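For what it's worth, our numbering labels the leading residue of the sequence shown as 1, then goes sequentially. A short worksheet on the structure shown next.
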Amino acid sequence: MNVLEVVFGNSCYYTMKKSKLNNNDILMFNVLFNIGDLSNIENFKVKIPKQLFFEDGNNNFKQEYDIIIDNIKKGNKIRVWTSKKHIYSYLIMLYICSIINVYNYELYVLYSDDYNEDYPSPGVMNEKELEELSKLEHKLTNMEINENANTWRKLVNENSDLRIIDQGCVKSASLNYYDCYILDTLQLLGKVKISRLVGTLMQNVYLTDTMYVYLIKRLIKNKKIKITLNSSTRYFENLIEINN
1 MNVLEVVFGN SCYYTMKKSK LNNNDILMFN VLFNIGDLSN IENFKVKIPK
51 QLFFEDGNNN FKQEYDIIID NIKKGNKIRV WTSKKHIYSY LIMLYICSII
101 NVYNYELYVL YSDDYNEDYP SPGVMNEKEL EELSKLEHKL TNMEINENAN
151 TWRKLVNENS DLRIIDQGCV KSASLNYYDC YILDTLQLLG KVKISRLVGT
201 LMQNVYLTDT MYVYLIKRLI KNKKIKITLN SSTRYFENLI EINN
């Protein structure tokens, strides 16, 4: 049986390409379902902030949808790689469940935290670890697929600015959801480089560095954070502090 491996992120994709799993088809699904407007989801588009747009796959996913449908029609095995903490790939899993539910098909899921509870996503794993994780797949029950599809529909209907994982549950949230977390962390660190703050934040809540910079820039604009800009250094190396 042919297998379609569905992954989020360039890191996981290229690591898997170098592994023995390369014999399977690998679909890199990089759409950012966690932020932005989902009202045009039926046309395979998500409207995301322009600061987070780096490739067409961040907000346009017709090609990925077609590949999944093609694999369903061919009777291929579909596996989604995610974790219970990684909002990006977890939302992709929920979305695919909404498709699987319509076609009454099967879906398999692999969680990086099943291999190592400290691994926030498959993107941090090396080739051999991905190969080992491939042996820990879960075949979702019809009830699980249905529940996941219902969760996806609820998120789409709510269409909030942000979607987050809170205590194991996916929820809709406002864009300022992480403000207190960012400000409290910066208060503890004092005046530091943006890179230091982002690295510290990612240890507890695994968002991309660009997502954190986007949220930090909002706080700078709202005068909650003060930045000391230096044109001779890259943005991540600039110093920031609480704006008292």
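Every residue gets a Cβ at the ideal spot worked out from N, C-alpha and C, and that includes glycine. Keep in mind the model is a prediction, meaning the values are calculated, not measured.
Using only CA atoms, which one of the options lies nearest to residue i?
i: residue 111; options: 4, 89 and 196; result: 89
i: residue 234; options: 104, 151 and 194; result: 194
i: residue 66; options: 224, 105, 99 and 219; result: 99
i: residue 211; options: 141, 33, 75 and 104; result: 33
i: residue 206; options: 95, 41, 131 and 82; result: 82
i: residue 228; options: 43, 240, 222 and 152; result: 240
i: residue 173; options: 188, 154 and 185; result: 154
i: residue 44; options: 92, 14 and 85; result: 92
i: residue 152; options: 101, 75 and 175; result: 101
What does residue i pair with, by DSSP beta-bridge criteria?
i: residue 60; result: 45
i: residue 77; result: 3
i: residue 27; result: 6
i: residue 228; result: 239
i: residue 37; result: 47
Which of helix, strand or coil does DSSP assign to residue i?
i: residue 223; result: coil
i: residue 207; result: coil
i: residue 218; result: helix
i: residue 108; result: strand
i: residue 233; result: coil
i: residue 52; result: helix
i: residue 239; result: strand
Are residue i and residue j closer than 8 Å when you measure CB to CB?
i: residue 192; j: residue 209; result: no
i: residue 21; j: residue 121; result: no
i: residue 138; j: residue 108; result: yes
i: residue 215; j: residue 182; result: yes
Relative to the ligand GDP, is the shortest distance from any of its heavy atoms to the C-beta of residue i smaller than 7 Å?
i: residue 240; result: The ligand GDP is not part of the structure shown, which contains no ligands of any sort.
Report the start-end ranges of each alpha helix (DSSP H) in the stretch 115-194 that is 4 residues or longer and not cut off at the edges.
Counting only runs that start and end inside the stretch 115-194, the alpha helix (DSSP H) elements of at least 4 residues fall at 127-133, 142-158 and 179-189.
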